[in-house]
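In our numbering, the protein residues as written are 1220 to 1973. Here a beta-carbon is modelled for each residue, glycine too, at the ideal position from N, C-alpha and C.
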Ligand code: GLN
Ligand code: ZN
């Protein structure tokens, strides 16, 4: 039995790459120093795989920002506005990823989108009509050579041609079909060069095959691969799929002229059935994704070994692998010093998953697994319940009625009433919640956590920050204020800490975009609210101003989607438990005089099934009602806001309207304005604040630019319904750029009013 992984986390066990990149952006280290940190990390990651006896060690899964962007750059897919800056190769790359504002020009970053059903975000490469797709980069070869020097004959990974064609954005008149020949030719060039460099295995990542596919898609896939693989000699191709099954393309894919196919047996509900129904060619290798690359619970060896035996019995040449890249799980449990063994023994992060592969490899070759210690120990974990249950929570869940999902009166009535009560101007200005988490804010939290300052000191400091934040918002003339979220590390972790049923890690970081990471909590049991969470902060902030200050909560769907979920109860039930807990908080805020409450659902779309046919039945039909359950108990004049990142909801607009919020703010500046058109087409009733500028980049938008954006919005959005706000929270930004941007934003709103 051989073993492989789809890819390894790249940011480093202690986020070394993040810190080095940030230093580079600030000019504190140069490109060489950055590269040497990167090289060290790669070395460490190869070594970890070697130590676990992984047969197919992976290279080129390293990236400074994003693998999809790397593949685009490899093939010269770089919009002219970035090459025109005349920067170094590395800085051109970073300009695409983060935008550039400096001596050489002022260019926004490329759009960023959710990577399938994960919380990772990729950079949407743009193909212009005159883009010349060809082999242009050499990172893949450099990293292969570097690994080779260290004694590793790696498989090199990149995005495959089908997924590249499907996920790029075409900015001119041409479409994917117009580029298929050029793309195929470029991959052939790549293979020819790989041949020369001594690469023997190329892994083409093709997650786009798990979407619904049309017959044209299948045709495109076939045509491109037949062309790409035509003259391969020594280079073998592995088509790697993940995040689901490839039910539309299975027969096509397994019959393509490639060496191996990787299938996801964890998320791919039909993978097993497809293999059984259509078989798997004897002359190909199946990379069987049986180790969950997305969740952190230990693998059940019994089930995995049975599956492997079954595949072997069917005569399928199988390599044991992960269901997707380990990018989506944290690095290692070894840095978790605070959690007791009774918890930790149930988890496997990336390093521990390598260990599982090692043990399974040995067990697969063992004569008598029942006598193997690794097997016995593993099976002990699966006897009895793994999580903490709570009878009260269960009873409350059972008692929910249909009426609990409905807020009265109708939204149209509420909106009129709220306008009066809140006395808001036209085009009200607001922000999404957080203000810059400057060094002093983080230091205060760290000092408190370490026990170096008292709780009172910690609170005092945050109150001072809140007071400054409120005063400043008042001064520049924002209409609906926020307290700034200084007390929060992370919008999910913060709530999880005050909810029963959650577990927290110290270093379990997972990449979210670029080298930025999140640290998802683990849902360990039935969830309930232990005590009020945000009330004191909000009440204090509101006491400082006559303008409304938004209470700021994270919604149940997002809390679940940004946590590692349980595997023993349904997602539906988990979300409903969390909804009831947050409902308690909403009602407490209202009771304490908070008139506007924002319930963020930044990650609503995260777990939307990748196949449209499953959207409602397997997700929206319970996720949307769960959101309503959170706010259905408030008074008519309490204004409920929600916020979503990435406006990728053009196709689920009725469902978003059905959340029955009074106002929604969302990201619109980095994606096109198509969403606005659809809002109108769908008679969207919720008031809307499409972000007028991009907060993922340090760039300061000009007043004219924002006025322009607002004018475009007003073509589609009723002037009584338009809000003016940035596209997400400001916590990752610096203070100076934030202030400059918001001043411009308020000014732009004034101009529009006039
Ligand atoms: N209220 C949160 C903030 O402003 C929202 C963050 C998000 O949408 N990711 O930080
Ligand atoms: Zn957001």
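Query: Per-residue DSSP class, three states only, for residue 1736; Result: strand
Query: Length of the line joining the Cα atoms of residue 1739 and residue 1654; Result: 21 Å
Query: Contacting residues, own chain, Cβ-Cβ under 7 Å from residue 1501 (five flanking each side not counted); Result: 1534
Query: Residue from 1665, 1620, 1222 and 1463 with nearest C-alpha to residue 1491; Result: 1463
Query: Contacting residues, own chain, Cβ-Cβ under 7 Å from residue 1858 (five flanking each side not counted); Result: 1637, 1641, 1814, 1815, 1881 and 1882
Query: Which listed residue (1869, 1656 and 1646) has its alpha carbon closest to that of residue 1710; Result: 1656
Query: Check whether residue 1480 and residue 1503 have beta carbons under 8 Å apart; Result: yes
Query: 6 Å Cβ shell around residue 1438 - same chain, five flanking residues per side excluded; Result: none
Query: 8 Å Cβ shell around residue 1407 - same chain, five flanking residues per side excluded; Result: 1446, 1447, 1449 and 1450
Query: Through-space distance from residue 1913 to residue 1666, alpha-carbon basis; Result: 32 Å
Query: Straight-line Cα distance separating residue 1567 from residue 1949; Result: 33 Å
Query: CB contact flag (residue 1801, residue 1774, <8 Å); Result: yes
Query: For residue 1342 and residue 1389, believed in contact at Cβ under 8 Å, the rounded distance; Result: That belief does not hold up - the Cβ atoms of residue 1389 and residue 1342 are roughly 15 Å apart, past 8 Å.
Query: Which residues DSSP lists as bridging residue 1906, in chain order; Result: 1882
Query: Closer than 7 Å: residue 1908 CB and nearest the ligand ZN heavy atom; Result: no
Query: Residues sharing a beta bridge with residue 1479, DSSP; Result: 1457 and 1504
Query: Buried or exposed by the 16-neighbour rule on C-beta atoms within 10 Å, applied to residue 1370; Result: exposed
Query: Any non-hydrogen atom of the ligand ADP within 7 Å of residue 1344 CB; Result: As for the ligand ADP, it is missing from this structure, which binds only the ligand GLN and the ligand ZN.
Query: Inter-stretch contact at 8 Å, needing at least 3 Cβ pairs: the region 1930 to 1942 / the region 1901 to 1916; Result: yes
Query: Bounding residues of the beta strand (DSSP E) (the contiguous stretch that carries residue 1636); Result: No beta strand (DSSP E) contains residue 1636, which is instead part of the alpha helix (DSSP H) from 1630 to 1641.
Query: Near the ligand GLN: residue 1709 beta-carbon under 7 Å from a heavy atom; Result: no
Query: Close beta carbons around residue 1965, own chain, < 7 Å, minus the five adjacent residues each side; Result: 1648, 1695, 1696 and 1697
Query: Any non-hydrogen atom of the ligand ZN closer than 7 Å to residue 1742 Cβ; Result: no
Query: Within 7 Å of the ligand GLN: residues by beta-carbon to any heavy atom; Result: 1651, 1652, 1653, 1704, 1710, 1771, 1817, 1819, 1821, 1862, 1864, 1947, 1948, 1949 and 1950
Query: Residue 1796 in three-state terms, based on DSSP; Result: helix
Query: Own chain partners of residue 1385 with C-beta closer than 7 Å, once the 5 adjacent residues on each side are dropped; Result: 1395 and 1427
Query: Residue 1378, buried or exposed, once every other Cβ within 10 Å from all chains shown has been counted against 16; Result: buried
Query: Given residue 1712 as reference, the closest of 1742, 1730 and 1703 once Cα atoms are compared; Result: 1742
Query: Inter-residue Cα distance where the pair is residue 1737 and residue 1452; Result: 43 Å
Query: The ligand ZN heavy atom lying under 7 Å from the CB of residue 1980; Result: Look at the range of the chain in this structure, 1220 to 1973, and you will see that residue 1980 is not part of it.
Query: Check whether residue 1264 and residue 1732 have beta carbons under 8 Å apart; Result: no
Query: Residue 1381, buried or exposed, once every other Cβ within 10 Å from all chains shown has been counted against 16; Result: buried
Query: For residue 1540, the first and last residue of its enclosing beta strand (DSSP E); Result: 1536 to 1541
Query: Cutoff 6 Å; reference residue 1809; Cβ partners in own chain excluding five residues on either side; Result: 1853 and 1857
Query: Contacting residues, own chain, Cβ-Cβ under 8 Å from residue 1944 (five flanking each side not counted); Result: 1648, 1649, 1650, 1651, 1884, 1908, 1910, 1911 and 1964
Query: Exposed unless 16 or more other CB atoms sit within 10 angstroms - verdict on residue 1366; Result: buried
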